[in-house]
Amino acid sequence: MFQPQRRHVIAAAIAMACGVSTVFAQTPWPSKPLKMVVGFPAGSSPDLMARLIAEPLSQALGQPVVVENKAGAGGNIAASQVARATDDHTIGLMINGNLTIAKILNPATPYDPLTDLTPVSLLAVAPLVLSVPGNTATSGAAFFAAARESGDRWNYGTPGVGTVAHLGMELIKSRAGIAPVHVPYPGNPQVITALLGAQIQMSLLPPGLAMAQVRAGKLKAIGVTSAGRSSVVPEVPSLAEAGVKDLQLEIWNAVAAPNSLPKAHVNRLAALLAEIVRRPEIRQKILAQGWQVAGTSSEGLANRIKLDTAVMAEVIRKNNIKPN
């Protein structure tokens, strides 16, 4: 005799569950400010990129996008924070080192970019510029001939072990048959000072830093690491033109999210970001910062991560590179 009452209870429970599900399905996202974590200090290149896209992204989403700087460990502290976030309202603006190199170089890195993070969109890319002191007598193929002749008497500087500049130089060494010795510095400002003082003979620098010195006549650009000439610095030849073949190396900025962020939100963010960076006024500002617009889908960024990870992993393995 209790069956009818039981049926009523079950029906009520189902109705309530359906109602709750409908409420969740209809809840707008984001429902509160979106936090964009940047692993570098204010004024850095990733920070400038984040602040450039934050306002138009906020307008598109209808919620504030708050940039939070969490500097340290080459951006890996911030990447780890994003990987651990469970609020569905935290994303990160990261460099390629965070998404391709970190875990391979140091297995103790507290996050795995392949399992803890979801690619959202590749925003912008840039080649590195092989830069030398301004009074360097040679250029092009003649420069590499002189480098081969000098063997390990020449040095190259980077902003640290395991950085893209470090791995990129090791890649160039193998492609060009040269043997300069690695000298790590705390950052690119110190690398540039060493180049200006001819304490080192070469370095790979971001174009935004290198070209100011090159145009002032203080440094010389030997070539860029892209497959061909880059629209970022069209006046600089590619290293392929100097005889360094089969080389394509770029730095990039991308947005990633915790692996728990629903795919629908990831795809929406990717579409919005791709549209934003392609706006003429935004594109021009990105170019002025020394970057070429990409604006990919989530799958596009995932493919780039896969390709670059394979290249960097081989360089790390072949040269037995260990973290400091």
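Residue 201 in the working numbering sits at position 204 of the sequence shown, and the numbers go up by one each step. C-beta atoms are modelled at their ideal positions from N, C-alpha and C, and glycine is treated no differently.
* Asked: From the DSSP output, which residues share a beta bridge with S118?
  -> Partner(s): V252.
* To do: Would you be able to state if there are at least three C-beta pairs under 8 Å between the segment 254 to 271 and the segment 209 to 223?
  => The answer is no - the segment 254 to 271 does not touch the segment 209 to 223, with fewer than three Cβ pairs under 8 Å.
* What are the start and end residues of the beta strand (DSSP E) that includes K260? -> For K260, there is no enclosing beta strand (DSSP E); the residue is found in the alpha helix (DSSP H) stretching over K260 to R275.
* Please state if the CB of I302 and the CB of T115 are separated by a distance shorter than 7 Å. => Result no, Cβ atoms of T115 and I302 do not sit closer than 7 Å.
* Kindly indicate which residue of A239, S228 and S128 has the alpha-carbon position closest to the one of Q281. => That would be S228, whose Cα lies nearest to the Cα of Q281.
* Does the pairing of the segment 262 to 272 with the segment 99 to 108 give three or more beta-carbon distances under 8 Å? -> The way I'd put it, the segment 262 to 272 doesn't touch the segment 99 to 108; fewer than three beta-carbon pairs between them come closer than 8 Å.
* Minimum C-alpha distance to L304 - residue among V62, L111, L90 and G59 -> Nearest of V62, L111, L90 and G59 to L304, Cα basis: L111.
* Mapping DSSP to helix, strand and coil, what is I318? -> Three-state DSSP puts I318 in coil, outside helix and strand.
* Apart from the five residues on each side of it in sequence, which residues of its chain come closer than 7 Å, Cβ to Cβ, to I175? -> Counting only Cβ-Cβ distances below 7 Å, and skipping sequence neighbours, we find F141, A144 and R145.
* Runs of alpha helix (DSSP H) wholly within the segment 114 to 202 (minimum 4 residues, chain order) -> For the segment 114 to 202, the continuous alpha helix (DSSP H) assignments of 4+ residues that do not extend past its boundaries occur at 137 to 147, 161 to 173 and 185 to 193, in sequence order.
* Determine the closest residue to S295 out of V158, P124 and L119, with distance taken between C-alpha atoms. => Among V158, P124 and L119, the Cα nearest to that of S295 is on L119.
* To do: Classify E65 as buried or exposed, calling it buried when 16 or more other Cβ atoms lie within 10 Å of its own Cβ.
  => By the neighbour-count definition (other C-beta atoms within 10 Å, threshold 16), E65 is an exposed residue.
* Between which two residues does the alpha helix (DSSP H) containing K100 stretch? -> Note, K100: alpha helix (DSSP H), A99 to L102.
* What is the DSSP secondary structure of S235, counted as helix, strand or coil? -> Strand at S235.
* Asked: What does a CB cutoff of less than 6 Å around L246 pick up in its chain, not counting 5 residues either side in sequence?
  -> Taken in chain order, the residues that qualify are G165 and T222.
* Between which two residues does the alpha helix (DSSP H) harbouring L216 extend? -> Where L216 is concerned, there is no enclosing alpha helix (DSSP H), although the beta strand (DSSP E) it sits in stretches over L216 to V221.
* To do: Measure how close the beta-carbons of V117 and V233 come, nearest whole angstrom, since I'm counting them as under 8 Å.
  => Taking a contact as a CB-CB distance under 8 Å, the pair V117 and V233 does not count as one, their CB atoms being some 31 Å apart.
* Three-state secondary structure (DSSP) of V312 -> It is helical.
* **Neighbourhood of H262 by C-beta, 6 Å cutoff - its chain only, sequence neighbours within 5 removed** => Beyond the five residues adjoining it in sequence on each side, H262 comes within less than 6 Å, by CB distance, of W26 in the same chain, given in chain order.
* Just grab the DSSP bridge partners of V290 for me. => In the DSSP output, where bridge partners are listed per residue, V290 has A121.
* Taking the alpha carbon of S42 as the point to measure from, which residue in T83, G59 and L90 has its own alpha carbon closest? -> Of the candidates T83, G59 and L90, the one whose C-alpha sits nearest the C-alpha of S42 is L90.
* May I ask you to verify whether the segment 127 to 138 touches the segment 58 to 73, counting CB pairs closer than 8 Å and requiring at least 3? => Too few Cβ pairs lie closer than 8 Å, so no.
* Helix, strand or coil: how does DSSP classify T306 here? -> In the structure shown, T306 sits in a helix (DSSP, three-state: H, G or I).
* Asked: Is the beta carbon of V122 less than 7 Å from the beta carbon of Q289?
  -> Cβ distance < 7 Å, so V122 and Q289 count as in contact.
* To do: Give every residue of the same chain whose Cβ lies closer than 8 Å to the Cβ of K67, excluding the five residues on either side of it in the sequence, and list them in chain order.
  => Around K67: V34, V35, G36, I74, A75 and Q78.
* In this structure, does DSSP put L31 in helix, strand or coil? -> The answer is strand: DSSP assigns L31 an E or B state.
* Asked: Which value, in whole angstroms, describes the spacing of the CA atoms of S28 and G154?
  -> In this structure, the CA atom of S28 is about 46 Å from the CA atom of G154.
* Under a three-way DSSP split, which group does R301 fall into? -> R301 carries a helical assignment under DSSP once its states are collapsed to helix, strand and coil.
* What is the residue span of the alpha helix (DSSP H) that G59 lies within? -> Element bounds for G59: n/a, residue is neither H nor E.
* Among R150, N93 and T160, which one has its Cα closest to the Cα of N300? -> Each of R150, N93 and T160 was checked against the Cα of N300, and the nearest Cα belongs to N93.
* Got a sec? Which residues, its chain only, sit under 6 Å from N316 by beta carbon, not counting five neighbours each side? -> So the list reads E167, once near-sequence residues are dropped.
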